[in-house]
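Okay, so here's the structure we're looking at.
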């Protein structure tokens, strides 16, 4: 990870956790029972635990960040594993395997999805969330746009797999044991206390972006800030207390074996 656990929970979890309820709501009611168990791939610090347990499901989380696993394991069962190579003993064990913006960062997400499918029961489900196109996630592109305007160069994406969009997830899930694949589009909101908070949110939660901004001279940095703040006014909705909120669209690709 390019950020520590505290930064993750401060800036990332408040948004990504909002999509968990959508993942669970689209799963067949037959899978949501007290005897069922759910496998959370890329569990982070365990932001999905309460939502999963509220459905009466047993929760098991997996992440490749040991620090985050330690935090998640204080709340429920969580393990440090590479999602491309899950334990053999988990084969056909889980009614639900899901990944909320986790598996899309895997170096080999197709193999990771195959592992998720392997670990579900013969009637199990797999659900994966990914971000929508730039025009539907504009707040994520504020800094890239501003840096391109000021420096003439758009920063190259880091660990985010540019090609991991709904089409590639549908392709990866389709065929094999998965009989039905569907896509659900959902919108949630990134909430920001202020323009300064949003600036910190992105520069502190991404080491790469933080280093890029820090490497600018003072004039360039202020020009980038000016562009970012101008865009905030254009795309943000001002709510109570002078705070901002920004619509962020995601796709949930879900498949069922039967």
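Numbering (the numbering used here), first residue to last: 808 to 1065.
Quick reminder that beta carbons are idealized off the backbone N, C-alpha and C, glycines included.
Asked, Found
"Cα-Cα separation between residue 1075 and residue 958, rounded to whole angstroms", "This structure leaves residue 1075 out entirely; the chain is present only between 808 and 1065."
"C-beta contact flag for residue 848 and residue 919 at 8 angstroms", "yes"
"Rounded separation between residue 943 and residue 886 - CA only", "34 angstroms"
"For residue 907, the residue or residues it bridges with in DSSP", "936"
"Residue span of the beta strand (DSSP E) that contains residue 993, given as start and end", "987–999"
"Cβ shell of residue 1016 (< 8 angstroms), same chain only, five flanking positions each side left out", "950, 962, 1009, 1010"
"Residue 791 versus residue 960 - alpha carbon distance", "Residue 791 is absent from the structure shown; the chain starts at 808 and stops at 1065."
"Local conformation of residue 847 per DSSP, three classes", "strand"
"Selected residue, minimal CA-CA separation from residue 1041, among 813, 890, 1053", "1053"
"Top-ranked residue by Cα proximity to residue 995, from 826, 814, 877", "826"
"Close Cβ partners of residue 814 (< 7 angstroms) along its chain, the five nearest in sequence each way excluded", "1011, 1012"
"Counted within 10 angstroms of its Cβ, other Cβ atoms place residue 840 as buried (16 or more) or exposed", "exposed"
"Residue interval of the alpha helix (DSSP H) (run including residue 914)", "Neither: residue 914 is in no alpha helix (DSSP H) and is coded neither H nor E."
"With 16 other Cβ atoms within 10 Å as the buried cut-off, status of residue 1006", "buried"
"Span of the alpha helix (DSSP H) around residue 856", "856–861"
"Sheet register partners of residue 1058 (DSSP bridge)", "937, 992"
"Short Cβ contact (8 angstroms threshold) for residue 844 with residue 901", "yes"
"Under the three-state DSSP convention, the category residue 961 falls into", "coil"
"Among 892, 1028, 1045, 975, nearest to residue 1058 - alpha-carbon criterion", "975"
"N- and C-terminal bounds of the beta strand (DSSP E) containing residue 895", "No beta strand (DSSP E) holds residue 895; DSSP gives it neither H nor E."
"Residues bridged to residue 885 [DSSP beta-bridge criterion]", "868"
"Within 8 angstroms, strictly: CB atoms of residue 932 and residue 838", "yes"
"Beta-carbon gap between residue 1138 and residue 904 smaller than 8 angstroms", "As shown, the chain starts at 808 and ends at 1065. That puts residue 1138 outside it, with no answer to give."
"Supposed close pair residue 869, residue 893 - CB separation, criterion 8 angstroms", "7 angstroms"
"Exposure of residue 1047, with buried meaning 16 or more beta-carbon neighbours within 10 Å", "exposed"
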